[in-house]
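Enquirer: Shown below is the structure under consideration.
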Amino acid sequence: MLRKLHSLPGLIAALFAIVLAVTGAILSFSPALERANASVPAAGQVSVAELADTVARHYPGAEQIKRTPSGTLIVYYTRDGDVGADRIDPRTGQAIAPYAPSSFSRWVKNLHRSLLLDTPGRMVAGITALAMIVLTISGTLLLAARLGGWRQLLRPIRGTLSQRLHLELGRAALLGLLLSGLTGAYLSATTFGLAPEGVEAEPDFPLEVSGGTPAAIDTLPVLQATDLNDLRELVYPYPDDPTDMYSLETHQGAGFIDQASGEWLSYQPHDATHSVYALIYQLHTGEGLWWLGLILGLSALTVPVMAITGAMIWWKRRRSRPKIVANSGANAADSVILVGSEGNTTWGFAKTLHDSLTQAGHRVHTAPMNQLASRYRHAKRLFILTATYGDGDAPASASRFLTRLDNITDTPQLPVAVLGFGDQQFPQFCGFAKKIEASLTAKGWPLLLPLDTIDRQSGQAFTRWGNAVGKALGTKLALVHTPTRPRTTALALAERVDYGAGVQAPTDVLRFKAPAASGKTALLSRWLKRTGLPSFEAGDLVGILPPNSQVPRFYSLASASTDGVLEICVRQHPNGLCSSFLHALPVGGTIDAFIQPNPDFRPTSGKAPVVLIGAGTGIGPLVGFIRHNKTHHPMHLYWGGRNPQSDFLYETELNAYLTDRRLTQLNAAFSRIDERAYVQDKLTANGPELRRLIDKGAQILVCGGRGMATSVISALDDIIAPLGIDVTTLKAQGRYREDVY
Amino acid sequence: MNKLTLTLGLVATLALSTAALAREVTFTTELKDYGGDEAYMALYLTDANGQYQDTLWIAGKKSKYYKHLRDWARGSGLRSREYDGLTGASVGSGRSLNITLDIADELIDAGYDVRVDTAVEDNRDNRADVAVALTTEGAGQAVSGRGYVQSFRYTF
């Protein structure tokens with residue numbers, strides 16, 4: 020619901036929002052530019068009387084002095100029958116340069132106000148401002164939910180590039196955009212008479228003047244008492260017209276001044292509503308508040324990026340939602356699958372289950388959890404597949420599930436199996452699934468199977484659960500789930516480096532390239548610097564389908580597609596189908612591969628140091644991060660192997676990276692030499708150093724086997740205990756990420 | 078100041094019976110290509126001393142900007158009964174305004190001036206951009222303004 024409230028106005032208003040934001044940003048910089056060019060005397064230094072006097076000396080035909088909110092002074096004058104306008108110095112009253120308002124900024128201003136379409140355009144602009152308010156508020160709520168609460172709002176954000184851009188920029192620009200939206204909507208409402216703008220002071224025209232001899236300007240009391248900084252506008256009387264008078268407008272009010280006495284003939288202050296209007300106008304334009312203008316302008320500049328990334332995110336989510344074929348009605352089905360999904364990944368698993376059950380002859384009804392019915396007439400079993408959102412909360416398609424469950428008064432008889440999807444690295448792993456199972460048990464629902472969980476879309480774990488379901492149903496159920504539909508690319512092995520033969524751990528670094536294009540395509544590809552590789556970054560995963568298998572195996576990538584090669588580090592397992600295939604693959608041999616982004620596992624930007632920890636082939640993505648550390652971010656590598664003579668993976672490269680400072684420090688431990696040590700021993704030995712780094716906000720990335728990862732956690736827990744934190748804290752802060760297999 | 082009784086109004090609203098006492102006068106105001114927003118204009122009559130007599134036409138809908146038509150504002154006191162029914166749209170840069178009104182015969186060749194005040198947002202306000210005597214021999218003669226007005230003429 021909230022998500023719809025965000026994406027719908029976003030998609031509709033995107034184009035207009037881009038136009039208004041870009042024009043708004045251009046306009047927002049002018050107060051700062053103007054302020055930089057204007058000399059503004061401090062309050063109390065120059066009175067309007069002094070200014071009006073010096074101006075009148077330099078411009079005998081001066082008609083009017085205007086002061087812009089940014090402090091620029093403009094004098095309008097007549098000379099020899101011609102009119103002119105000059106920007107003047109407030110102290111001397113002398114011309115700085117002729118004044119002509121820029122026609123470009125006028126055009127931009129009109130585009131901003133009305134899209135150059137007058138009244139209909141002004142309406143669109145107003146509606147866009149309203150959409151901006153809705154978008155910032157719903158976006159903030161979504162962001163807070165995603166990060167696990169309001170207190171977590173400043174936590175690092177992970178996700179795909181478009182998600183990160185959208186969320187990071189959105190978070191930074193939030194207040195600016197909300198202010199622009201609110202003030203813009205108000206100004207628009209005043210244009211259409213829907214909100215009061217108050218009345219500027221309209222003092223009565225005096226019917227009579229004293230008629231005395233005009234006094235010298237600098238002796239007029241009211242002008243003397245008015246500070247230059249309060250001035251908006253001063254209009255001189257016609258020369259030689261004793262019945263005319265000065266007209267003065269200040270920030271406080273407006274009135275007319277007698278030429279002879281220099282006293283008010285009439286005066287009226289601006290009304291309170293108008294002062295509010297003026298303040299809101301100022302908050303919207305930044306006029307006279309150049310720094311606010313800059314903040315608003317920078318915030319506005321994020322809008323085009325957010326509109327585009329937002330649309331991309333929406334499209335991706337929409338596309339990834341699978342179509343359920345042969346979906347039975349709720350009352351016809353014997354098996355019901357309810358799905359709680361935020362990003363639609365869980366739908367993919369539900370579809371696999373749905374198809375398998377259908378194939379086994381069941382009538383299956385699959386629906387979002389929010390569509391829980393109070394009764395399924397022919398159902399024999401209920402499956403609930405749900406992800407968890409943020410800190411144990413309901414994902415989008417399950418937000419109303421618990422309320423609906425509470426409303427069911429019938430005695431539950433339908434056996435239910437809950438399957439949770441999540442990421443073990445989050446403290447509230449499958450928190451919502453646990454909550455659901457607890458509520459069901461409390462209400463007396465019979466269990467078909469106890470709660471099971473799937474960590475990071477593990478296909479194997481899902482197959483295992485499928486077997487359990489099959490057993491419970493008395494049918495054989497083969498759940499083969501591939502998280503993303505692999506549209507594979509054929510890649511050819513270009514180079515291989517073999518290690519580890521001497522320590523019974525044959526390990527290969529494999530580099531793949533796209534098969535060479537030919538003819539015109541080749542030229543075009545070279546010209547576009549296209550490598551023919553799908554797009555990926557170090558730390559992403561490549562799924563490889565070994566011959567005669569439908570189940571892909573995943574390997575962490577040690578290179579980015581910009582490197583021109585796809586590089587992985589693979590250890591041959593004696594019975595490993597895919598690793599044996601890769602180990603035996605000759606140079607020139609091809610594989611079928613696809614990319615699965617793993618955006619959570621990569622160094623975050625910022626100044627904090629990075630600690631990379633790995634063992635064996637876990638070095639792969641870590642080397643990739645180091646290779647791309649062109650900005651010489653401090654990076655400390657801890658790695659464990661068996662014997663430096665045999666399986667010191669990437670030894671040459673790592674030494675080169677140390678020399679060119681892409682790598683700050685290399686700590687290698689070996690387990691099959693005399694002074695045997697594991698990587699966690701190295702960590703403990705360097706405890707004080709690590710404690711210092713973590714205290715400085717270091718981020719830790721761990722890649723390797725599960726056993727190693729557990730040892731690393733217990734070693735680190737000891738090391739950082741004096742800081743009063745543990746690895747769980749670091750995980751919650753997003754500073755500890757694992758790629759474990 | 079003696080207030081003149083004028084018979085003013087749009088042609089369409091005018092009864093034929095007044096034709097004998099009034100003359101149909103067309104005022105044409107061409108604006109320069111000054112390159113700003115649309116201009117607000119006040120066409121009005123003054124006596125020979127420049128004292129405001131009556132409003133002929135106000136171009137521009139928002140009365141909150143009328144005070145920038147300074148001389149007219151001063152003369153008319155911005156009282157709405159002075160301009161009720163005599164307002165129309167503002168006029169863009171380089172465009173022209175044609176207004177046809179019935180003017181009482183007694184005002185022509187009687188020492189009255191036609192004046193035009195103009196104002197544009199974020200630009201100068203022009204008091205008496207145009208000031209020209211309303212006479213039979215002046216009819217059809219274009220005069221240039223000193224502000225946004227390129228040329229102004231009236232024809233009977």
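Protein chains in written order, with the working numbering: chain A, 20 to 760; chain B, 78 to 233. The beta carbon of each residue, even a glycine, is placed where N, CA and C say it ideally should be. The model shown is predicted, which means the values in this text are computed figures rather than measured ones.
Give every residue of the same chain whose Cβ lies closer than 8 angstroms to the Cβ of G450(A), excluding the five residues on either side of it in the sequence, and list them in chain order.
Expert: T407, D410, G411, D412, G441
Enquirer: Can you check whether the C-beta of D202(B) is within less than 8 angstroms of a C-beta belonging to chain A?
Expert: yes
Enquirer: Excluding the five sequence neighbours on either side, which residues of its own chain have a C-beta within less than 6 angstroms of the C-beta of Y676(A), listed in chain order?
Expert: Excluding five sequence positions before and after Y676(A), the CB atoms of its chain that fall closer than 6 angstroms to its own CB belong to I645, L682, given in chain order.
Enquirer: Could you tell me whether any Cβ in chain A is nearer than 8 angstroms to the Cβ of E155(B)?
Expert: The amino acid occupying residue 155(B) in the given sequence is Leu; Glu does not appear at that position. L155(B) counts as touching chain A.
Enquirer: Name the two residues that bound the continuous beta strand (DSSP E) containing N686(A).
Expert: 684 to 689
Enquirer: DSSP state of D736(A), grouped into three classes?
Expert: helix
Enquirer: So, under 8 angstroms CB-CB, G178(A) and P618(A) are touching, yes? Tell me the CB distance rounded to an integer number of Å.
Expert: 5 angstroms
Enquirer: Should A92(B) go down as buried or exposed, given a rule of 16 or more other Cβ atoms within 10 Å for buried?
Expert: Since pLDDT at A92(B) reaches only 41, below the 50 mark, its modelled position is unreliable, and the value read off the structure follows with that caveat. Exposed, because fewer than 16 other Cβ atoms sit within 10 Å of the Cβ of A92(B).
Enquirer: Could you tell me if G203(A) is buried or exposed, where buried requires 16 or more neighbouring beta carbons within 10 angstroms of its beta carbon?
Expert: buried
Enquirer: Please decide whether R192(B) counts as near chain A, where near means a Cβ-Cβ distance under 8 angstroms.
Expert: No, because no Cβ of chain A sits closer than 8 angstroms to the Cβ of R192(B).
Enquirer: Could you check what DSSP says for Y676(A) in three-state terms: helix, strand or coil?
Expert: helix
Enquirer: Could you tell me whether the stretch 416 to 426 of chain A touches the stretch 389 to 404 of chain A, where touching means 3 or more Cβ pairs closer than 8 angstroms?
Expert: yes
Enquirer: Do the stretch 176 to 185 of chain B and the stretch 143 to 161 of chain B touch if we need at least three Cβ pairs shorter than 8 angstroms?
Expert: no
Enquirer: Ends of the beta strand (DSSP E) at V435(A)?
Expert: 435 to 441
Enquirer: Cβ of E221(A) less than 8 angstroms from any chain B Cβ?
Expert: yes
Enquirer: What's the gap between the Cα of D99(A) and the Cα of A71(A)?
Expert: 21 angstroms
Enquirer: Run the CB neighbour count on E556(A), radius 10 Å, all protein chains shown included, and call it buried at 16 or more, exposed below.
Expert: buried
Enquirer: With a threshold of 8 angstroms between beta-carbons, can Q278(A) be considered close to chain B, or not?
Expert: No, its Cβ sits nowhere closer than 8 angstroms to a Cβ of chain B.
Enquirer: Could you compute how far the alpha carbon of S49(A) sits from the alpha carbon of G90(A)?
Expert: In a straight line, the C-alpha of S49(A) is about 12 angstroms away from that of G90(A).
Enquirer: Measure the beta-carbon distance from L498(A) to L512(A) and round it to whole angstroms, keeping in mind my assumption that it falls under 8 angstroms.
Expert: Not confirmed; about 32 angstroms, so no contact.
Enquirer: G212(A): buried (16+ other C-beta within 10 angstroms of its C-beta) or exposed?
Expert: exposed
Enquirer: Using the C-alpha atoms, what's the distance from G195(A) back to G753(A)?
Expert: 26 angstroms
Enquirer: Please name the residue or residues paired with R400(A) in a DSSP beta bridge.
Expert: S354(A)
Enquirer: Output, in chain order, the set of chain A residues within a Cβ distance shorter than 8 angstroms of R147(B).
Expert: Neighbours of R147(B) on chain A, chain order: V254, S266.
Enquirer: Starting from V209(B), follow its DSSP beta bridges and name the residues at the other end.
Expert: V191(B)
Enquirer: Using a C-beta to C-beta distance shorter than 9 angstroms, which residues of chain B count as neighbours of Y78(A)?
Expert: The premise fails here: Y78(A) is roughly 13 angstroms from chain B at the closest Cβ pair, so nothing lies under 9 angstroms.
Enquirer: What three-state label does DSSP hand I31(A) in the structure shown?
Expert: helix
Enquirer: At the level of alpha carbons, what is the spacing between V207(B) and R201(B)?
Expert: 15 angstroms
Enquirer: Against chain B, which members of the stretch 112 to 134 of chain A pass a CB distance test of less than 7 angstroms?
Expert: Under the 7 angstroms Cβ criterion, the stretch 112 to 134 of chain A contributes P120, S122, R125.
Enquirer: Under 8 angstroms between beta-carbons, which chain B residues line up against F224(A)? List them in chain order, please.
Expert: Under the 8 angstroms cutoff, chain B gives A150, R151, G154, L155.
Enquirer: Around the C-beta of I692(A), are 16 or more other C-beta atoms found within 10 angstroms, so that it is buried, or is it exposed?
Expert: Its Cβ having fewer than 16 others within 10 Å, I692(A) is exposed.
Enquirer: Which runs of the beta strand (DSSP E) spanning at least 3 residues fall entirely within the stretch 68 to 145 of chain A, listed in chain order?
Expert: Assignment of beta strand (DSSP E) within the stretch 68 to 145 of chain A, counting only whole runs of 3 or more residues, yields 81 to 86, 92 to 98, 101 to 107, 114 to 117 in chain order.
Enquirer: Output needed for S133(A): all residues of its chain with C-beta closer than 7 angstroms, excluding positions within five of it in sequence on either side, in chain order.
Expert: G140, R141, A144
Enquirer: Taking beta-carbon pairs under 9 angstroms, can you tell me which members of the stretch 112 to 126 of chain B lie near chain A?
Expert: G112, G113, D114
Enquirer: Do three or more CB pairs link the stretch 41 to 57 of chain A to the stretch 296 to 309 of chain A at distances below 8 angstroms?
Expert: In short, these stretches touch, since the Cβ pair count reaches three.
Enquirer: Less than 7 angstroms between C-beta atoms, sequence neighbours within five positions excluded: which residues of the same chain meet that for P225(A)?
Expert: Excluding sequence neighbours, P225(A) sits near M264, F275, L284, S285.
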